[in-house]
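Per my numbering, the very first residue in the sequence shown carries number 4; after that it's consecutive. Here a beta-carbon is modelled for each residue, glycine too, at the ideal position from N, C-alpha and C. Since this is a predicted model, take the numbers as computed values, not measurements. Report on one structure; see the data block that follows.
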Amino acid sequence: MKLDILVVGGGMVGATLAWGLGRRFPHWSVGVVEAVAQDDSHQPSFDDRVIALSAGSVAGLEELGLWGDLQHQAQPISHIHVAEKGGFGRAQLHAEDYQVQALGQVLPVAAIGQVLHRKLQCQWFCPDRIAEIEQGQDALAVTLASGQRLQTRLLVVADGGNSPTRALLGMGASRQDYGQHAIIANVRTQKPHQGWAFERFTETGPLALLPMTRNRLNLVLCVRPEEVEATLSLDDQGFLQLLQRRFGWRLGAFLEVGERHCYPLSLIQADSLRANRALVVGNAAHSLHPIAGQGFNLGLRDVLVLLDCLAGDDPGHWQGLAAWEGRRQGDLQRTIGTTDTLARLFANDHFPLYLGRNLGLGLLNHLPLAKHRLAWQMLGWEKG
Ligand SMILES: Cc1cc2nc3c(=O)[nH]c(=O)nc-3n(C[C@H](O)[C@H](O)[C@H](O)COP(=O)(O)OP(=O)(O)OC[C@H]3O[C@@H](n4cnc5c(N)ncnc54)[C@H](O)[C@@H]3O)c2cc1C
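Written out as structure tokens, the structure is:
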């Protein structure tokens, strides 16, 4: 079978790209290879997480014609509160300061998966994966594990941080472990969240609470590897007490907690974003610490810029791919750099660092220009 574009990985980023390609370039044939069946409860991209979408990402999903189907499940973030547990520094952001209705929106990833899978009409190869890739000047010849042979003029790799396809293309990647795991769960508190998102820096790593619909909050609690087993095996009451100690009483008592899931955290960066007739996007190109909620936001910007750069008769022409790579570099460096700095700075108990970050948070709150700059970047109002 001959295709114009083959996307490997039908998760958050790959499926969004496939949808965008079909909408923007209806004359091109698009296929998706996905390893895990859509109805498999272990689909790793559309699991029980919720994610914070920046205001820029919401605009991007609107541009792609997806937001209308998602909006009713989203909880707007009206305020963000960042503080060090037991420290004196804190910073606050408010939607009204930026003349926007919301600083971002919180959505369950499963909702995004359902909408994408319902709307997507391209060719699905699932469950399947790529076993072999042969290089050619005008197309790549791809053999799937099922034995099916395909030819594609452009291959877009979106199969996640460990990306077997990136490796098949001979593209290297670096991995730096953060020595932290993220435990996620939905929680209920005594006081209503009123659209506040919280980020607390604690002695074992950050703790984030994102507001959800029906007055629930989604927790991301970062712990050291040696604490994972004990934390996961706490009964609900013990876990709620631990949260209370780490977060404090700003939302009153923690009353209920749902099922807990755990993710090891590392920074993975592909050595290059481009090869002959191939590109790497989303987590396959950059897996980040979830501290600032930037992973999918960054992957979505990979997609939006790619849709802008593809033109002409040949989607795999090096000029379009080189233009995309050039336009992505600045945004990637800034977002990865800021996220990595925050993850390392706030994971350290060293006293001068503790003092410095408290002073920094306090100062940030009183320097509107610096705060505005950070907000501009973290809220994703530039595509790069
Ligand atoms: C705890 C936590 C909280 C987060 N919070 C936020 C947030 O608030 N905001 C935000 O923007 N981001 C957040 N993120 C990051 C976000 O979840 C990721 O950036 C996003 O899921 C990346 O999507 P992706 O499609 O690139 O990769 P993945 O989600 O990893 O999807 C990869 C897909 O490829 C498939 N696949 C794997 N191998 C193969 C193969 N060989 N062949 C074919 N298919 C294959 C997988 O089955 C999957 O469907 C968070 C992440 C974590 C862990």
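- Cβ atoms of L220 and L213 come within 8 Å of each other, at about 6 Å.
- Contact between E137 and A144 holds: CB atoms are separated by about 4 Å, below the 8 Å threshold.
- For R178, the uninterrupted beta strand (DSSP E) run begins and ends at A176 to T192, by DSSP.
- For N189, the shortest separation between its Cβ and any heavy atom of ligand 1 does not lie below 6 Å.
- Rounded to whole angstroms, the Cβ separation of T344 and L291 is 12 Å, and the two are not in contact under 8 Å.
- Beta-bridge partners assigned by DSSP to Y266: A185.
- Here H75 is actually not in contact with Q95; their C-beta atoms are around 28 Å apart, not less than 8 Å.
- Rounded to the nearest whole angstrom, the CA to CA distance from R249 to E65 is 37 Å.
- In this structure, R330 sits near V308, with a CB-CB distance shorter than 7 Å.
- Taking 6 Å as the cut-off, one finds no heavy atom of ligand 1 near enough to the beta carbon of S236.
- Just so you know, the alpha carbons of I271 and H264 end up roughly 21 Å apart.
- Here the distance from the Cβ of N221 to the nearest heavy atom of ligand 1 is not below 6 Å.
- Annotation for W127: V35 place their beta carbon closer than 6 Å to its own, counting only its chain and skipping 5 residues before and after.
- Bounds of any beta strand (DSSP E) do not take in I294, whose DSSP letter is neither H nor E.
- Rounded to whole angstroms, the separation of the alpha carbons of W327 and H97 is 33 Å.
- Measuring C-alpha to C-alpha distances from R178 to each of A287, G59 and G13 identifies A287 as the nearest.
- Relative to ligand 1, the beta carbon of A94 is positioned no closer than 6 Å to any heavy atom.
- 7 Å or more divides the Cβ of G107 from the Cβ of I133.
- Distances from the CA of E202 to each of P195, A211 and G340 were compared; the closest alpha carbon is that of A211.
- Taken in chain order, the whole beta strand (DSSP E) runs of length 3 or more contained in the stretch 120-170 are 126-128, 133-137, 143-147 and 152-160.
- Under the three-state reduction of DSSP, A38 is assigned to coil, being neither helix nor strand.
- For L210, the enclosing beta strand (DSSP E) begins and ends at G208 to P214.
- When DSSP states are grouped into helix, strand and coil, V283 belongs to the strand group.
- Judged by beta-carbon spacing, G261 lies within the 7 Å limit of A188, meaning their Cβ atoms are closer than that value.
- Placement of the Cβ of P293 at a distance of less than 6 Å from at least one heavy atom of ligand 1 is found.
- Annotation for A314: no beta strand (DSSP E) segment contains it, and DSSP assigns it neither H nor E.
- Of the residues assessed, P195 falls on the exposed side of the cut-off, its CB having fewer than 16 other CB atoms within 10 angstroms.
- Its Cα nearest to that of D43, the residue G116 stands out among G116, G173, L157 and A273.
- Distances from the CB of D162 to the heavy atoms of ligand 1 include at least one below 6 Å.
- A161 is a Cβ neighbour of G17, given a cutoff of 7 Å.
- Counting of Cβ neighbours within 10 angstroms places A170 among the exposed residues, the total staying below 16.
- For D131, the CB contacts under 8 Å within the same chain, skipping 5 residues up- and downstream, are V36, E37, A38, L147, A148, S149 and Q151 in chain order.
- Our two residues, L110 and F299, have alpha carbons roughly 12 Å apart in a direct line.
- For W199, the enclosing beta strand (DSSP E) covers residues W199 to T205.
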